[in-house]
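*Asks:* Sharing a structure below in structure tokens format, with a few things to ask.
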Amino acid sequence: HAVANAQRNGGIAAFIDAEHALDPDYAAKLGVDTDALLVSQPDTGEQALEIMDMLVGSGSLDIIVIDSVAALVPRAEIEGEMGDSHVGLQARLMSQALRKITGRLSQTKTTAIFINQLREKIGVFFGSPETTTGGKALKFYASVR
Numbered sequence: 000h001a002v003a004n005a006q007r008n009g010g011i012a013a014f015i016d017a018e019h020a021l022d023p024d025y026a027a028k029l030g031v032d033t034d035a036l037l038v039s040q041p042d043t044g045e046q047a048l049e050i051m052d053m054l055v056g057s058g059s060l061d062i063i064v065i066d067s068v069a070a071l072v073p074r075a076e077i078e079g080e081m082g083d084s085h086v087g088l089q090a091r092l093m094s095q096a097l098r099k100i101t102g103r104l105s106q107t108k109t110t111a112i113f114i115n116q117l118r119e120k121i122g123v124f125f126g127s128p129e130t131t132t133g134g135k136a137l138k139f140y141a142s143v144r
């Protein structure tokens, strides 16, 4: 709905489809002008965030959606073998990207929406067992959660 509203007000919107799951028919039913929507389906998390940085830096966007943080898989993980341990890579990637992109978002007055997924922590007896992927940087940099 945020993308459709931005477009209705004459804004330019981008959608970084890291999950490769954008349904144009559903988006159109929500009011999104899919012909005017800039869509990218990157192969790696680095590529997705570089595209985001470039688009935001252009100053021409009003809103950008990243779907989803969980699908921003670091290049090293994609190129590695199944079962390899890549602890902290995604969190590091998000932290680096947000440090770089946050200032540009503010300067260009671009709204960024990061869609994320809930995961379940194993062995939690007290407190919420739910957590989100991508480390803590997104929580710290977010204006609204």
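Start counting the sequence shown at 0; every next residue gets the next number (our numbering).
Every residue gets a Cβ at the ideal spot worked out from N, C-alpha and C, and that includes glycine.
Given the structure is predicted, the values throughout are model-derived calculations rather than measurements.
1) In terms of alpha-carbon separation, which member of 46, 5, 29, 74 lies closest to residue 16?
2) Only counting the same chain, and skipping five residues up and downstream in sequence, which positions put a Cβ closer than 7 Å to that of residue 10?
3) Starting from the Cα of residue 143, find the closest Cα among 49, 113, 34 and give me that residue.
4) With three or more beta-carbon pairs closer than 8 Å as the criterion, would you say the stretch 19–35 touches the stretch 83–102?
5) How close, in whole Å, do the beta carbons of residue 52 and residue 103 come, if the pair is a contact with beta carbons under 8 Å?
6) Looking only at its own chain, which residues have a Cβ that is under 6 Å from the Cβ of residue 68, when we skip the five neighbours before and after it?
7) Use the C-beta contact count for residue 66: other C-beta atoms within 10 angstroms, 16 or more gives buried, fewer gives exposed.
*Replies:* If we stick to the structure as given:
1) 46
2) 61, 62
3) 113
4) no
5) 7 Å
6) 113, 115, 132, 133
7) buried
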